[in-house]
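Residue numbers are given in full-length UniProt numbering: position 40 of the sequence shown equals residue 40, and the series is strictly consecutive.
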Amino acid sequence: MSENQNLLAEQRRALILDEVRRRGGARVNELTRRLGVSDMTVRRDLDALARQGMVEKVHGGAVPVFEASTHEPGFEAKSGLELSAKEDIARAAAAFVAPGTAIALSGGTTTYALAHHLLDVADLTVVTNSVRVADVFHSAQQVSGLRADSATVVLTGGVRTPSDSLVGPVADQAIGSLHFDVLFLGVHGISAEAGLSTPNLAEAETNRRLVQSARRVVVVADHTKWGTVGLSSFAKLDEVDTLVTDAGLPAATRAEVSEQLRLVVAGEPEPAEAAAAAEDD
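In C-alpha cells:
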C-alpha cells in the first residue's frame, strides 16, 4: 500500500494498532509490506505503542494487550497519552459551545483539555462530575478575578473514582434533576457492538444519567478508544449525536461510524464541507 508511505506517524501507528487488534497480532515484515515503510520505521512505531501500553512486543512483531474489562487507569496515567490528539479534539469540540448555554462535561482527560478552551466563552453554565474540570474554571477565576461573564460551575457530589470523577447515588440524583443543551462525554471505550462503556459500574450509571439529561450528546474520544470495551455499557451509538475524534481513526472505522452518527475529525473538513469546497474549485 504505497499510498501509506507519507502517513503521519500517529496515523501509521493507528493503522498498526488496528491491524494488531483485528488479527490478534502482526509480524514486522507483514506491516512493512502493508504500510510500504521500512522495518526500522515499523519497529519504532511498535516501540512507541508498547510504551503507551497499547501492544506487547514479541519476537518478530507484536500482539494486543488485553486488559481486564474492570481495569480503570487513574487520571495521571491517562493524562500522558495521546496529548496532541486530545488537544486537537478539544479545540474542535469547543466550536460546538455557544455563549449563554448550559453544558455538561463528564470526567476524563479529553474533557479536561476541552475545559481549558471554554474559559473565554461568556455566560456558560457548566455541569460536571469531574473534580479536574471544575478546578480548571475555579483556578482561572482565581487568577483573573471573578467576572460578570464567568462560568457558573455546578459540581455534583458523589464518590471519587480513579479518574477523578464523582459517581454514585448523590451524583445521579443531582444530574437527574437537571437539563443541559449539550453533553461532552469522555469514554473509556467505544465500539459498534458495545456502544459506550466503562470499567466502573457506578460511573456507567452516572454517565447514563448524563446522557438522559442532555439534548445533544457529543462524545470526545481519540482513536485509541475505538474497539475498547469496558465492563459496563451505558449508551448505544444511536444515542450519540456526534463523535469528535482525531486523524488517527482508520478509514474503515470512519465509514462504519459515519453510518450511525455525525463524525468530526479534528483538523479535517467534514464530508459536506469538503464536497462544497471541491465544487467551488
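We put the beta carbon where it would ideally sit given N, CA and C, even for glycine.
Can you find the residues in the same chain that come closer than 7 Å, C-beta to C-beta, to glycine 227, ignoring five residues on each side of it along the sequence? For glycine 227, the CB contacts under 7 Å within the same chain, skipping 5 residues up- and downstream, are Arg21, Ser191 in chain order.
Pairwise C-alpha distance: phenylalanine 234 and alanine 171: In a straight line, the C-alpha of alanine 171 is about 16 Å away from that of phenylalanine 234.
Between which two residues does the alpha helix (DSSP H) containing serine 258 stretch? First-last of the alpha helix (DSSP H) with serine 258: 251-258.
Residue of Asp164, Lys225, Pro169, Ser213 minimising C-alpha distance to leucine 249: For leucine 249, the closest alpha carbon among the candidates Asp164, Lys225, Pro169, Ser213 is that of Lys225.
Across which residues does DSSP place lysine 57 in a beta bridge pair? Lysine 57 has Ala62 as its beta-bridge partners, per DSSP.
Is the CB-CB distance between valine 257 and valine 244 below 8 Å? Going by beta carbons, valine 257 and valine 244 fall outside the 8 Å limit.
Applying the 10 Å Cβ sphere with the 16-neighbour rule, what's the burial state of aspartate 58? Note on residue identity: the sequence assigns valine, not aspartate, to residue 58. Exposed, by the Cβ-count rule.
Identified DSSP bridge partners for isoleucine 103: BP columns for isoleucine 103 point to Val126, Val182.
Can you list, in chain order, the stretches of the beta strand (DSSP E) that have 3 or more residues and sit fully within the stretch 157-235? With a minimum length of 3 residues, the continuous beta strand (DSSP E) runs that stay inside the stretch 157-235 are 180-185, 189-191, 195-198, 214-220, 232-235.
Under a three-way DSSP split, which group does leucine 15 fall into? If DSSP states are grouped into helix, strand and coil, leucine 15 belongs with the helices.
Member of Glu205, Gly107, Leu124 whose CA lies at the smallest distance from the CA of phenylalanine 180: The option with the nearest alpha carbon to phenylalanine 180 is Leu124.
Since valine 187 and leucine 196 should fall inside the 8 Å C-beta cutoff, what is the C-beta to C-beta distance between them, to a whole number of angstroms? Indeed they touch by this definition, with Cβ atoms about 5 Å apart.
Contacts around alanine 48, its chain only, beta-carbon distance under 7 Å, and the 5 residues preceding and following it disregarded: The beta carbon of alanine 48 is closer than 7 Å to those of Arg13 in its chain, skipping five residues each way along the sequence.
Alanine 50 and glutamate 87: beta carbons closer than 8 Å? Alanine 50 is not a Cβ neighbour of glutamate 87, given a cutoff of 8 Å.
Classify aspartate 164: buried if its beta carbon has 16 or more other beta carbons within 10 angstroms, exposed otherwise. Buried, because 16 or more other Cβ atoms sit within 10 Å of the Cβ of aspartate 164.
Alpha helix (DSSP H) segment containing leucine 261, residue limits: In the DSSP assignment, leucine 261 falls outside any alpha helix (DSSP H) and carries neither an H nor an E.
From alanine 62 to aspartate 45, what distance separates their C-alpha atoms? Taking the straight line from one Cα to the other gives about 11 Å.
Does DSSP classify residue 285 as helix, strand or coil? Outside the shown range of the chain, which is 1 to 281, sits residue 285, and nothing can be said about it.
Would you mind working out which of Ala174, Ala92, Gly100, Met40 sits nearest proline 269, comparing C-alpha positions? Looking from the CA of proline 269, the closest CA among Ala174, Ala92, Gly100, Met40 belongs to Ala92.
Would a C-beta distance cut-off of 8 Å place isoleucine 103 and valine 220 closer than the cut-off? The Cβ atoms of isoleucine 103 and valine 220 do not sit closer than 8 Å to each other.
Identify, in the order they occur along the chain, each residue of the same chain with its Cβ nearer than 7 Å to the Cβ of threonine 111, setting aside the five sequence neighbours on each side. Around threonine 111: Leu105, Ser130, Val133, Phe184, Gly186, Val220.
Taking Cβ to Cβ, would you say alanine 95 is nearer than 8 Å to glutamate 10? Judged by their CB atoms, alanine 95 and glutamate 10 are not nearer to each other than the 8 Å cut-off.
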